[in-house]
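Asks: In this note's numbering, the protein residues as written are 13 to 500. A virtual CB, placed ideally from N, CA and C, is assigned to each residue, including glycine. Would you mind keeping the following structure in view while I ask a few things?
Encoded structure:
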């Protein structure tokens, strides 16, 4: 009990004659890992009376220390490879990432510092699998819209949805952020109105920024969606570069769904034509500095939305180099949390609350696959199931007491009391880390079915009111600690 549900499921042997059904021990587990659940948040939209903190605690150095003191003409914010993480990621504090924190970073840059920000995303916003992946993709795209993102590309995870379904869910009726892929074939036939090749945008009085999207051969070779077909990047990119120049783009950004090696080759093939290439990263932690190929900056920002890259664009006095580009990697840490009490007016927290309500309304919890535990594959224990943690107590009193007095005993209650957003007890991506046996037959199903054996029994008794203190006590000390040890 009180250990990981994947590692601590044990067979229970009953001493009574003729009874040979093994029972897998069911207890509650408290892991703070749920990427969606853990969050305490950011910075208000209004400018505070004190200047923003200028130190990145994770990178251990002041932000923008090598940038010119002058205000940048535009700051290009680069994100990507979110992999479905709507909220901070990490198994312990401090956690990093989260859409609401990213929104607050943008608010700090635009409202407090007064910098014009143009935001773009590489793609792979969606997670690889799971019942909620389409809903999370749509929610993420809505969040990027509320952050005023200009453009986004797509990668393998979007193509797994598949791509047409993903774009029809959001992009068909929402022009921003614009989805870009210059080498996607049949855009005007199969993806009409959903995908473009490029976009040129401007923030304030800054330079015109041309953004192009492309999918590299390393990603094309892995795709499984037969509807998505691609031309080669070397064949399509020259036309797009000519097009953005005709539209008077002064700075060119390429959202390149390809490896660092492919990005380097692209920069070398088009010297002095692309200012910034945002490419994929195979490592979760990104490099602090960009790679320079000629005048091109090659950047990747890691996984799960824990970092963003900022490119400061400053007009140069050198006629041979119109703009001076400076790069800053920023970790989206606790300093960007939303203050308590500010959620109601925060557009991203509102969006996440809508997401949580839809997860409950759509009963997504019921769509998670159950497999047999290795013990259940043995013919002798084919009918093995999970039982309440009170069953452990009779033989493991000392271990039970340690568990009962630990935070593990409150694992499920922490979901029920969550507020950012609420209703976490209905979200399988959170529940699986706060109960036992969620992935297995005979394990946790939902609150009504089998997670609270004591509560189910209490409802069958003729005087439910007198047992209310026991239910409240369950919230304080853990499930089943007040339930009599009755045989199943």
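Residues in its own chain within less than 7 Å of residue 243 by CB, not counting five upstream and five downstream?
Replies: Here the set comprises 195, 197.
Asks: Using alpha carbons as the reference points, say which of 316, 271, 302, 266 lies closest to residue 286.
Replies: Nearest of 316, 271, 302, 266 to residue 286, Cα basis: 266.
Asks: What runs of the beta strand (DSSP E), each 3 residues or longer, lie entirely inside the stretch 196-222?
Replies: Listed in chain order, they are 210-213.
Asks: Please list, in chain order, all residues of the same chain as residue 288 whose beta carbon is under 6 Å from its beta carbon, the five residues on each side excluded.
Replies: Within the same chain, residue 288 has close Cβ partners 265, 309, 323.
Asks: By the three-class DSSP mapping on this structure, what secondary structure does residue 39 have?
Replies: For residue 39, the predicted model reports a pLDDT of 36, less than 50, meaning its position is unreliable; a value from the coordinates is still stated below. Note: residue 39 maps to coil in three-state DSSP.
Asks: Going by other Cβ atoms of all chains shown within 10 Å of its Cβ, with 16 needed for buried, is residue 35 buried or exposed?
Replies: Unreliable placement is indicated for residue 35, whose pLDDT of 38 sits below 50; no coordinate value is reported for it.
Asks: Name the one or two DSSP bridge partners that residue 74 has.
Replies: The partner list for residue 74 (beta bridge, DSSP) reads 67.
Asks: Rounded to a whole number of angstroms, what is the C-alpha to C-alpha distance between residue 340 and residue 314?
Replies: In a straight line, the C-alpha of residue 340 is about 14 Å away from that of residue 314.
Asks: Give me whichever residues DSSP pairs with residue 269 in a beta bridge.
Replies: Residue 269 pairs with 227.
Asks: Does the beta-carbon distance from residue 6 to residue 114 come in below 9 Å?
Replies: Limits of the chain in this structure are 13 at one end and 500 at the other, which puts residue 6 out of reach.
Asks: Have a look at 269, 349, 154 and flag the residue whose alpha-carbon is nearest the alpha-carbon of residue 108.
Replies: Of the candidates 269, 349, 154, the one whose C-alpha sits nearest the C-alpha of residue 108 is 349.
Asks: Run through DSSP, which three-state label would residue 184 get?
Replies: Note: residue 184 maps to coil in three-state DSSP.
Asks: Less than 9 Å between the beta carbons of residue 149 and residue 181, yes or no?
Replies: Contact: yes.
Asks: Across which residues does DSSP place residue 336 in a beta bridge pair?
Replies: In DSSP, residue 336 forms a bridge with 326.
Asks: Could you spell out where the beta strand (DSSP E) holding residue 293 opens and where it closes?
Replies: Residue 293 -> no beta strand (DSSP E), and no H or E assigned at all.
Asks: Report the residue from 404, 422, 258 whose alpha carbon sits nearest the alpha carbon of residue 445.
Replies: Looking at the Cα atoms, 422 is the closest of the given residues.
Asks: Tell me whether residue 383 sits in a helix, a strand or coil according to DSSP, three-state version.
Replies: Residue state, collapsed to three classes: strand.
Asks: From which residue to which residue does the alpha helix (DSSP H) around residue 368 run?
Replies: First-last of the alpha helix (DSSP H) with residue 368: 359-373.
Asks: Helix, strand or coil, according to DSSP, for residue 451 in the structure here?
Replies: Here residue 451 sits in coil by DSSP.
Asks: Shortest alpha-carbon distance to residue 456 belongs to which of 101, 398, 384, 426?
Replies: The candidate whose alpha carbon is nearest that of residue 456 is 398.
Asks: Just how far apart, CA to CA, sit residue 347 and residue 110?
Replies: Answer to the nearest angstrom: the Cα atoms are 12 Å apart.
Asks: What does residue 308 pair with, by DSSP beta-bridge criteria?
Replies: 305.
Asks: Going by C-alpha to C-alpha distance, which of 364, 206, 379 sits closest to residue 154?
Replies: Among 364, 206, 379, the Cα nearest to that of residue 154 belongs to 364.
Asks: Considering just the uninterrupted stretch of the beta strand (DSSP E) at residue 161, what are its terminal residues?
Replies: Run containing residue 161: 161-164, per the beta strand (DSSP E) assignment.
Asks: Here's a check: name, in chain order, each residue in its chain whose Cβ is nearer than 6 Å to the Cβ of residue 435, leaving out the five neighbours to either side.
Replies: The answer, listed in chain order, is 368, 372.
Asks: Is the beta carbon of residue 86 less than 9 Å from the beta carbon of residue 129?
Replies: Yes, Cβ-Cβ distance for residue 86 and residue 129 is below 9 Å.
Asks: Helix or strand or just coil, what does DSSP make of residue 242?
Replies: Here residue 242 sits in strand by DSSP.
Asks: Going by DSSP in three states, residue 89 sits in which element: helix, strand or coil?
Replies: Note: residue 89 maps to strand in three-state DSSP.
Asks: Which value, in whole angstroms, describes the spacing of the CA atoms of residue 134 and residue 306?
Replies: About 22 Å.
Asks: For residue 313, which of helix, strand or coil comes out of DSSP?
Replies: Coil.
Asks: So, using beta-carbon positions, are residue 219 and residue 262 closer together than 9 Å?
Replies: Yes; because the gap between Cβ atoms is below 9 Å, this pair is in contact.
Asks: Pull up the distance between the alpha-carbon of residue 353 and that of residue 361, whole angstroms please.
Replies: Their Cα atoms are separated by approximately 11 Å.
Asks: Opposite residue 319 in the DSSP bridges: which residues?
Replies: Residue 319 pairs with 343.
Asks: Taking Cβ positions, are residue 298 and residue 312 nearer each other than 9 Å?
Replies: In this structure, residue 312 lies closer than 9 Å to residue 298 by Cβ.
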